[in-house]
Amino acid sequence: MKLRFVSVTDVPALLSVYSCYIPTTVTFEYALPGVEEFTKRVASISQTYPYLVLEETSTVLGYAYAHPIAERAAYGWGVELSVYLHPDIVGQGFGKKLYQTLIDLLRLQGVRTVYGLVASPNPGSEGLHRSLGFRLMGVQQNAGYKNGRWVDLLWFEKPIAPYVLNPTPVVPVGTLPPEQVQAAILAHFP
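Here the sequence shown stands for residues 350 to 539, where the numbers follow my numbering.
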């Protein structure tokens, strides 16, 4: 398995993986976004945050990314993590490795807290978050309506860096020293 940063040329392959989740409550989207819309999302997120692609022999098998938890400036040091794996590789530890890599990169960027939002029930994702030291901070009851039922949303959080006064702004992932980025990736995907 190889881990690398996303390219907009990956969008069709990412959509193929994401399409497996549209019928489920893992995502609250009802319909698969089009290539143009998804390309805009990828481009916007990857300007600042890690957007990672997991592949084997040039076949995309999953992806993970971080994005702002909220819009206001004071939220700038917190991000939500998302990971999507092809169903054939779920349960093999790749989600955990992707999360660990994201967290290492985000720490280098200056992020202080990472969040995971999990539609419930989802024992696999709940277990993943707990195994990585996330704590359940609350339940947003009946947060979404999908597949003929109301779905609760579990909010997990994990501090990843000290909460210093006057923190420096989060730096774009593309400005990190390449050797630090490579070390973060190789720590989980040697």
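Idealized CB from N, CA, C, for every residue including glycine. Being a predicted model, the structure only gives us computed values, none of them experimental.
Per-residue burial, Gly444 [other beta carbons within 10 Å of its own, 16 or more giving buried]
Classified as buried, Gly444 has 16 or more neighbouring CB atoms from the shown chains inside 10 Å of its CB.
Taking C-alpha atoms, which residue in Val519, Pro516 and Leu454 lies nearest to Glu528?
Just measuring C-alpha positions, the residue of Val519, Pro516 and Leu454 sitting nearest Glu528 is Leu454.
Which one or two residues does DSSP pair with Pro417 in a beta bridge?
Paired residue(s): Val428.
In the DSSP output, what is Asp501 paired with across the bridge?
Looking at the DSSP output, Asp501 bridges to Ser469.
Enumerate in chain order the residues of its own chain whose CB-to-CB distance from Glu506 is below 7 angstroms, with the five nearest sequence positions on each side excluded.
Answer for Glu506: Thr462, Tyr464, Phe483, Arg484 and Met486, listed in chain order.
Looking at the structure shown, is Leu381 part of a helix, part of a strand, or coil, going by DSSP?
In the structure shown, Leu381 adopts coil according to DSSP, grouped into three states.
Per-residue DSSP class, three states only, for Phe387
Helix.
Exposed or buried, what is Trp499 when buried is set at 16 or more other beta-carbons lying within 10 Å of its beta-carbon?
By the neighbour-count rule (16 or more Cβ atoms within 10 Å), Trp499 is not buried but exposed.
Can you give me the start and stop residues for the alpha helix (DSSP H) that Phe443 sits inside?
For Phe443, the uninterrupted alpha helix (DSSP H) segment begins and ends at Phe443 to Gln458.
Where does Lys446 land, buried or exposed, given buried means 16+ other C-beta within 10 angstroms?
Lys446 comes out buried.
Considering only the alpha carbon of each residue, which of Ser356, Thr373 and Cys369 lies closest to Gly497?
Nearest to Gly497 by C-alpha distance, out of Ser356, Thr373 and Cys369, is Thr373.
Considering only the beta carbon of each residue, do Tyr398 and Ala415 sit closer than 9 angstroms?
It is a contact, given that the beta carbons lie within the stated cut-off.
Any idea what DSSP makes of Thr462, helix, strand or coil?
Collapsing the DSSP output to three states places Thr462 in a strand.
Ordered along the chain, which non-local residues of its own chain (more than five positions away) have a Cβ less than 7 angstroms from that of Ile534?
For Ile534, where only same-chain residues beyond five positions count, the Cβ hits under 7 angstroms are Leu352 and Thr450.
Residue closest to Tyr379, alpha-carbon to alpha-carbon, out of Ser407, Tyr367, Leu466 and His478:
Distance check between Tyr379 and each of Ser407, Tyr367, Leu466 and His478 places Tyr367 closest, using alpha-carbon atoms only.
Is the separation between the beta-carbon of Leu481 and that of Tyr433 shorter than 9 angstroms?
Cβ distance not < 9 angstroms, so Leu481 and Tyr433 don't count as in contact.
Give me the Cβ distance between Val402 and Pro417, rounded to the nearest whole Å; I'm assuming they're in contact under 8 angstroms.
With 8 angstroms as the limit, Val402 and Pro417 do not qualify as a contact, their Cβ atoms being about 21 angstroms apart.
Measuring straight from C-alpha to C-alpha, what distance separates Gly473 and Gly440?
Near 8 angstroms, if we compare the C-alpha coordinates of Gly440 and Gly473.
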